[in-house]
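A quick write-up on the structure given underneath.
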Amino acid sequence: QKEVEQNSGPLSVPEGAIASLNCTYSDRGSQSFFWYRQYSGKSPELIMFIYSNGDKEDGRFTAQLNKASQYVSLLIRDSQPSDSATYLCAVNGGGGADGLTFGKGTHLIIQP
Amino acid sequence: KAGVTQTPRYLIKTRGQQVTLSCSPISGHRSVSWYQQTPGQGLQFLFEYFSETQRNKGNFPGRFSGRQFSNSRSEMNVSTLELGDSALYLCASSPGDGDSPLHFGNGTRLTVT
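Protein sequences appear in the order of chains X and U. To convert a position in the first sequence, counted from 1, into our numbering, add 2. To convert a position in the second sequence, counted from 1, into our numbering, add 398.
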């Protein structure tokens, strides 16, 4: 059974600070990794994806992957109140097998 | 480019009834996946269709079924509805190469009474 674990939170971060969201996964064969943002009552929205070990930056967002530790993280720099949402980590075993496995999400609150 | 379109947005059904949900993927996307989202279980994979064939299936009972048409549009059917089927049903599309990100529709909120 593939599992993706996230701290449910809430994670409270002051406006302007760095928010750090973490995710671990159980399947060592996982190949691709995604972060989605979901506002209350809305559908998930893709934020970042990463396939290789290391960091990937896109604007205020940085995804970090460490396959040896089976660990993925998302950093949000200069956090804004509009970043307040639930962040979902998703993992794919590769080749589309079994679909994406999602964590239950971390509820992030950015305090003005 | 238009996003993923799901209809209807809201549904209220009674136990024992059946329901059909519809999904139109992003133009050019050949893969359509369906997910169920509940507060307790989070997002759970139902199945994926690619080129009119079910390519992957999650751990849901046979009451949950789907299909995909030649234009990549997909439908999902739930028969003999149970109270526990109340959830947000999300459709997502992708090019279908296996590693591309999924793009989600707005979902269908199903309430079973």
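Even for Gly, the Cβ is constructed at its ideal location relative to N, Cα and C.
Between which two residues does the beta strand (DSSP E) harbouring H427 of chain U extend?
For the purposes of this step, residue 427 of chain U is taken as residue 29 along the second sequence, with counting starting at 1. H427 of chain U -> no beta strand (DSSP E), and no H or E assigned at all.
Proximity below 8 Å, CB of F445 of chain U to CB of Q435 of chain U:
If you number the second sequence from 1, residue 445 of chain U lands on position 47. If you number the second sequence from 1, residue 435 of chain U lands on position 37. No; because the gap between Cβ atoms is not below 8 Å, this pair is not in contact.
Could you work out which residues of chain X lie near F502 of chain U, taking near to mean beta carbons separated by less than 7 Å?
Residue 502 of chain U sits at position 104 when you count from the first residue of the second sequence. Residues of chain X passing the Cβ test: S45 and P46.
Within the same chain, show all residues whose beta-carbon is closer than 6 Å to that of D85 of chain X, passing over the 5 residues directly before and after it, in chain order.
Along the first sequence, read from residue 1 onward, the residue named residue 85 of chain X stands at position 83. Its chain contains I78 and I112 as the residues whose beta carbon lies nearer than 6 Å to that of D85 of chain X, once the 5 sequence neighbours on both sides are disregarded; these appear in chain order.
Looking at N504 of chain U: is its Cβ nearer than 8 Å to the Cβ of Q404 of chain U?
Taking the first residue of the second sequence as 1, we reach residue 504 of chain U at position 106. Taking the first residue of the second sequence as 1, we reach residue 404 of chain U at position 6. Yes. Within cutoff.
Just verifying my parser: in three-state terms, what is the DSSP assignment at G482 of chain U?
Here residue 482 of chain U corresponds to residue number 84 of the second sequence, with the count starting at 1. G482 of chain U sits in a helix when the DSSP states are folded into three classes.
Helix, strand or coil, according to DSSP, for P493 of chain U in the structure here?
Working through the second sequence from its first residue, we reach residue 493 of chain U at position 95. Reduced to three states, the DSSP call for P493 of chain U is coil.
Who are K411 of chain U's beta bridge partners in DSSP?
Residue mapping note: residue 411 of chain U aligns to position 13 of the second sequence, counting from 1. Looking at the DSSP assignment, K411 of chain U forms a beta bridge with U:V510.
From Q66 of chain X to A19 of chain X, what distance separates their C-alpha atoms?
Here residue 66 of chain X corresponds to residue number 64 of the first sequence, with the count starting at 1. Here residue 19 of chain X corresponds to residue number 17 of the first sequence, with the count starting at 1. The alpha-carbon of Q66 of chain X is positioned some 18 Å away from that of A19 of chain X.
In chain U, which residues lie with their C-beta within 8 Å of the C-beta of Y53 of chain X?
The residue labelled residue 53 of chain X in the question sits at position 51 within the first sequence. Close to Y53 of chain X, with beta-carbon spacing below 8 Å, are these residues of chain U in chain order: D497.
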